[in-house]
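To convert, count from 1 in the sequence shown and add 1; that's our numbering.
For each residue, glycine too, the CB sits at the ideal point set by N, CA and C.
This one's a predicted model, so the numbers in the text were calculated from it and none came from an experiment.
Taking it in order: structure first as C-alpha cells, then the write-up.
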Amino acid sequence: MGKSFEVGDYPTGTRLIFALQTQDGAFFYTDSGLNEDGKSHVLRLKLGSNKCQLRWEDLYGLKDTDYNDLVVEIKMDPKQDPKKRVTG
Numbered sequence: 002m003g004k005s006f007e008v009g010d011y012p013t014g015t016r017l018i019f020a021l022q023t024q025d026g027a028f029f030y031t032d033s034g035l036n037e038d039g040k041s042h043v044l045r046l047k048l049g050s051n052k053c054q055l056r057w058e059d060l061y062g063l064k065d066t067d068y069n070d071l072v073v074e075i076k077m078d079p080k081q082d083p084k085k086r087v088t089g
C-alpha cells in the first residue's frame with residue numbers, strides 16, 4: 002500500500018491499457034473488450050483535471066461488484082506536454 006512508480010513518457014493521445022492478474026491466473030483489463038467475460042472490471046473515477054482512480058473488480062462475471070479489490074491512483078503531469086508523464 003502506498004507504493005508509487007513512474008510509467009513513463011507518452012505522446013498526448015496515447016492509449017494505455019492496464020491489467021490485473023488474479024490469484025487464479027485470470028486477467029482483467031481496463032479495456033473491457035479484452036476481458037474474457039466481456040465485462041468492465043474497472044471503474045474510473047475522476048479526481049481532478051490530472052488525476053483519476055481505477056477501482057478493480059477481480060471476480061469473473063462481476064459476481065460481487067464491490068470494485069475494491071485493487072485501487073490505483075493515476076496522476077498525469079501536464080507540464081510534459083506534448084508528452085505527459087504518467088505515474089501510479
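**Asked** Terminal residues of the continuous beta strand (DSSP E) containing GLN22?
**Response** 20-22
**Prompt:** Per the contact definition of three or more C-beta pairs closer than 8 angstroms, is the region 22-29 in contact with the region 54-65?
**Reply:** yes
**Message:** Determine whether the beta carbon atoms of GLY62 and LYS40 lie at a separation below 8 angstroms.
**Reply:** yes
**Request:** Keeping to the same chain, check which residues put their C-beta closer than 8 angstroms to that of ASP65; ignore five residues upstream and five downstream.
**Result:** GLU58
**Prompt:** Which runs of the beta strand (DSSP E) spanning at least 3 residues fall entirely within the region 19-48, listed in chain order?
**Reply:** 20-22, 28-30 and 43-47
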